[in-house]
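**Q**
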Amino acid sequence: MFQPNPPEPRSLPDAELNAKIAQLQSQPGGLVAAMALIEEQSRLRQEDSLELSKWQLQAQMLAATATAEPAISELQDPAFTRTPTLPEPAATQPRSEVPAEPKIEMVSTPAPVAPVQPIAAAEAIDDIVTALNAAYVQVATEPEKPKSALPQSVAGAQDSQPSSYETTAEVPEPLESHVFGDQKTDISEERDRSTGELTVLEDTGPTGTSAALSWSWLAIASTPLTLVLAAVLKEAGISFSQALILLGAVVLGTSILASIGAMAAVRGSSSMTLVSRASFGVWGNALPGTLMLLVRIFWSASLVLFATRVISPLVSNQSWFTNIVTALALPPEFTATMIVVIPLVVISSVLAGFGGSVMLRLQQLTAIVAVVGLGVIGYFVIRNYSLQDLESGVAIPGSSFVDLGLLVVALLSFTVFSLSGDFARKLPSETPGSKVFFLSFVSTSFIPLASGVIGLLWLYMAGDTLGSSLSDELLATVASSAPIWVFVPFVVAVGMSALHLMASSLYSLSGNIFGLVKINGWVSQLLIVLLVLATVLVPSYLVAVSTLQEAVIELMLIGGVVAAAWAGVFVSDALARTRGYHEVSLTREYGFYGKLNFANVIGFLLSVGLGLGYINGGPQLSSWTGYLGNLTPEIFELVGSNIGLAMAFGLAVLFPIVFGIPRIRKQEKSLAELDERRQELKEFLDAAQ
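FYI, the numbering for the sequence shown is 1 to 689, going by UniProt numbering.
(1) Whose CA, out of Ser670, Leu233, Asp48, lies closest to the CA of leucine 404?
(2) With C-beta atoms as the reference, is methionine 338 less than 8 Å away from leucine 351?
(3) Just the Cα atoms here: how many angstroms apart are threonine 632 and isoleucine 342?
(4) Secondary structure at alanine 169, three-state DSSP: helix, strand or coil?
(5) Specify whether the stretch 596–614 and the stretch 365–379 touch according to this definition: at least 3 beta carbon pairs, one from each stretch, less than 8 Å apart.
(6) Spatial neighbours of alanine 503 within its chain, please: CB distance less than 6 Å, with the 5 preceding and 5 following residues excluded, ordered by chain position.
(7) When we look at the beta-carbon of tryptophan 566 and count the other beta-carbons within 10 Å, is it buried (16 or more) or exposed?
(8) Within 10 Å of its beta-carbon, does residue 708 have 16 or more other beta-carbons around it, so buried, or fewer, so exposed?
(9) Using the Cα positions of leucine 247 and alanine 327, report the straight-line distance between them to the nearest angstrom.
(10) Do you know whose CA, among Val658, Gly378, Gly626, lies nearest glycine 644's CA?
(11) If you draw a straight line from the C-alpha of lysine 20 to the C-alpha of glutamate 676, how long is it?
(12) Please state whether DSSP places glutamine 93 in a helix, a strand or coil.
(13) In the DSSP assignment, find the alpha helix (DSSP H) that holds alanine 482 and state where it starts and stops.
(14) Taking serine 357 as the reference, which of Val584, Tyr541, Tyr507 has the closest Cα?
(15) For serine 386, name the three-state secondary structure that DSSP assigns.
(16) Determine the direct distance from the alpha carbon of tyrosine 541 to that of isoleucine 297, and round the result to whole angstroms.
(17) For serine 276, collect the residues of the same chain with a Cβ closer than 6 Å to its Cβ; drop the 5 residues on either side in sequence, then sort them by chain order.
(18) Could you work out which residue in Arg361, Ser279, Val409 is closest to leucine 218 when comparing CA atoms only?
(19) Does the Cβ-Cβ distance between leucine 586 and alanine 278 come in under 8 Å?
(20) Is it true that the CB of isoleucine 635 sits closer than 8 Å to the CB of valine 561?
(21) Closest to serine 255 by CA distance: which of Ala479, Val409, Leu344, Val402 is it?
(22) Given a threshold of 16 other Cβ atoms within 10 Å of its Cβ, counted over all protein chains shown, does glutamine 60 qualify as buried or as exposed?
(23) Indicate the three-state DSSP secondary structure (helix, strand or coil) for glycine 408 in the structure shown.
(24) Do aspartate 573 and proline 656 have their CB atoms nearer than 8 Å?
(25) What's the C-alpha gap between threonine 290 and proline 662?
(26) In or out: glutamate 16 buried (at least 16 other Cβ within 10 Å) or exposed?
(27) What residue does the alpha helix (DSSP H) around arginine 277 start on, and which one ends it?
(28) Output the distance between the C-alpha atoms of asparagine 18 and arginine 10, rounded to the nearest integer angstrom.
(29) For valine 442 versus leucine 257, is the C-beta spacing smaller than 8 Å?
(30) Just curious, the alpha helix (DSSP H) that threonine 322 is in, first and last residue?
(31) Tell me which residues share the same chain as valine 536 and place their Cβ nearer than 7 Å to its Cβ, disregarding the 5 neighbours each side in the sequence.
(32) Let me make sure I understand the geometry here. Which of Glu583, Phe240, Val488 has the alpha-carbon closest to that of methionine 272?
(33) Taking the continuous alpha helix (DSSP H) assigned at alanine 646, which residues delimit it?
(34) Alpha carbon to alpha carbon, how far is methionine 262 from serine 440?
(35) Measure the C-alpha to C-alpha separation of leucine 459 and threonine 335 and round it to an integer number of angstroms.
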């Protein structure tokens, strides 16, 4: 029997459905339950649309077969309000779409509806019956409108429903859920959705393609400051062959670490701090992440001090510098530091705050300028020096050689590794890991190796005229030893490299802070600027530069132990995984990675304790270290005083291998089951369309 009112939908409205999905996702294992609920509601919505289409066609049939005689109530009551007539369906060939639904208006009187309309022809009735039979097939195959979970026929009929239907049945709006969405959502957006707020706090990364990743690495790798590394090796008194071996080993190790970090960041589409939650757990990463944040802030301050030491002689030699010192009544050394540090940090923070294309253009410009500067230096060295002038030098003992190598690793390798994921995380997740690894390895290996070799050749062929002063007064030494056409490109390359390295460091710190605390990007940049300026200017005012340099090296070793332990756990865990990270679980404690990975956190703490115990620290800030090595002092004579760096890294690597592989395999199995379930749901929805 025909019902005057449309059938009530059995599916849930969007508001109630989204609330239930959020409630299920807040429970352990709720993702699968949420997907099952979505699948059930999709089926109910298809059935609702089928019933609604059936009701519409029955209404048309009733209108077509109704008698044309006027109703008795209409004849007796002249004031009777006539119900609008229903449109007669066209007597044409059956179409593949549902005929247009009638517009029925409910009357308040119980009198029967008697439209004044002639009896439809038999062909018209047959057409309606044919359309009714085809409706059952059409509802399941008709395409949907964009961002609509209902078939198009139902969406078109919504506006023509009576008011009684509108008050009792709410047509659901587009169902949006990241459970089975095709579009990848940024981590910050996922977190806000869980709280009901949709705001993206992280800016768009500078790398959208693999070519952009190459520019990022080229800008870092082509810095002419690698010449200072060559000068440090020369001043250490090692032979030319030892310097080449050490330089090659450090560059190779740095490239491998950077490639692993970039590959992991692409798999997780997040910063290194967020991705490391898979290794330590969402809450377990708080302690390692905080310690690494402090280490990175100190590294950024050390980079500023190093750049100041290189650039400040140009400032202090200017004629106007004396007037500024007199006006400020500050020590000349500190005044020169302020003049260099404050503009460098402020400009770098502005560039890092914009991020995105601004950082990419800075990387491209820096890479081009730095490569030109290195090319000019290389041409000058080849043109003016001969291999016959090369001094082989005297080899140093093995323990001192290892000691020097570990110091360089602490200063260079772990710093680059901490930045490795920040410019690769915005690459598409489907980018092959082998491609990311190859691009990162090539970009961070050949140019630093070439520039380092050029620097070593220059130093060892020039003899004592350069080696004793290049690391202390880089620009002054180059100015006195090279013509103007070499000095100018070199100065520009040094300035651009210092600006880019500082901006990259601040950009990385902003992502690290966001991985620990939910802070707006510009607020985090302001906080970082204040911390870096305070870390640089306060000690520079209180302590002499020579004493400050020794303290910085001691703190670099302590921070290197923390970084070695963190890198060991991260690298081992990342290499043990065979698939990408689950982005949602990186931000939720009930996800696949859990709250705490007890084994890796304990391994990190034990590695830090072991490493500090075998660091033979200096007399100022690290005199308390070496507490394990003091039990067997001979170990420092055999393998050097910095062996704790290698011990911390080695022990940290073992924990994910020994205790973490079963856990990783279980996580990957659960992710595979989730992907299978998601694929089944997609196939079901595709078949229902």
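All C-beta atoms, glycine included, are put in the ideal place defined by N, C-alpha and C.
**A** Looking at the coordinates:
(1) The shortest C-alpha separation from leucine 404 is found at Leu233.
(2) It is not a contact, given that the beta carbons lie outside the stated cut-off.
(3) Taking the CA atoms as reference points, threonine 632 sits about 46 Å from isoleucine 342.
(4) Per-residue confidence for alanine 169 stands at a pLDDT of 38, beneath the threshold of 50, marking its modelled position as unreliable; the derived number appears in the next sentence. The answer is coil: DSSP assigns alanine 169 none of H, G, I, E or B.
(5) No: the two stretches stay apart, fewer than three of their Cβ pairs being nearer than 8 Å.
(6) Within the same chain, Cβ atoms closer than 6 Å to the Cβ of alanine 503 are found at Ser348, Leu351, Ala352, the five residues on either side in sequence being excluded.
(7) In summary, tryptophan 566 is buried, with 16 or more beta-carbon neighbours lying within 10 Å of its beta-carbon over all protein chains present.
(8) Any answer about residue 708 is impossible in this case: the structure gives the chain only from 1 up to 689.
(9) Rounded to the nearest angstrom, the two C-alpha atoms are 46 Å apart.
(10) Considering only Val658, Gly378, Gly626, the residue with the shortest C-alpha distance to glycine 644 is Gly626.
(11) Just so you know, the alpha carbons of lysine 20 and glutamate 676 end up roughly 23 Å apart.
(12) Confidence at glutamine 93 is low in this model, with a pLDDT of 43, below 50, so its placement is unreliable and the value that follows should be read with caution. Of the three classes helix, strand and coil, the one that applies to glutamine 93 here is coil, per DSSP.
(13) No alpha helix (DSSP H) contains alanine 482, which DSSP labels as neither H nor E.
(14) Measuring C-alpha to C-alpha distances from serine 357 to each of Val584, Tyr541, Tyr507 identifies Tyr507 as the nearest.
(15) DSSP places serine 386 in coil when its eight states are reduced to three.
(16) Approximately 19 Å between the Cα atoms of the pair.
(17) Answer for serine 276: Asn285, Phe570, listed in chain order.
(18) Ranking Arg361, Ser279, Val409 by Cα distance to leucine 218 puts Arg361 first.
(19) In contact: leucine 586 and alanine 278 (Cβ atoms closer than 8 Å).
(20) No. Outside cutoff.
(21) Nearest of Ala479, Val409, Leu344, Val402 to serine 255, Cα basis: Val409.
(22) It counts as buried.
(23) Note that residue 408 corresponds to valine in the displayed sequence, not to glycine. Correct three-state label for valine 408: helix.
(24) Yes, these two residues count as a Cβ contact at 8 Å.
(25) Looking at the two C-alpha atoms, the distance is approximately 27 Å.
(26) Exposed.
(27) Boundaries of the alpha helix (DSSP H) harbouring arginine 277: 277–280, taken from the DSSP string.
(28) Asparagine 18 and arginine 10: Cα-Cα distance of roughly 16 Å.
(29) For valine 442 and leucine 257, no; Cβs fall outside 8 Å.
(30) Element bounds for threonine 322: 321–328.
(31) Only Ala301, Val304, Leu305, Val341 meet the Cβ criterion.
(32) Ranking Glu583, Phe240, Val488 by Cα distance to methionine 272 puts Glu583 first.
(33) Membership of alanine 646 in the alpha helix (DSSP H) is indicated by the continuous run 643–655.
(34) Here the sequence assigns alanine to residue 262, which means methionine is not the residue at that position. In a straight line, the C-alpha of alanine 262 is about 7 Å away from that of serine 440.
(35) Our two residues, leucine 459 and threonine 335, have alpha carbons roughly 32 Å apart in a direct line.
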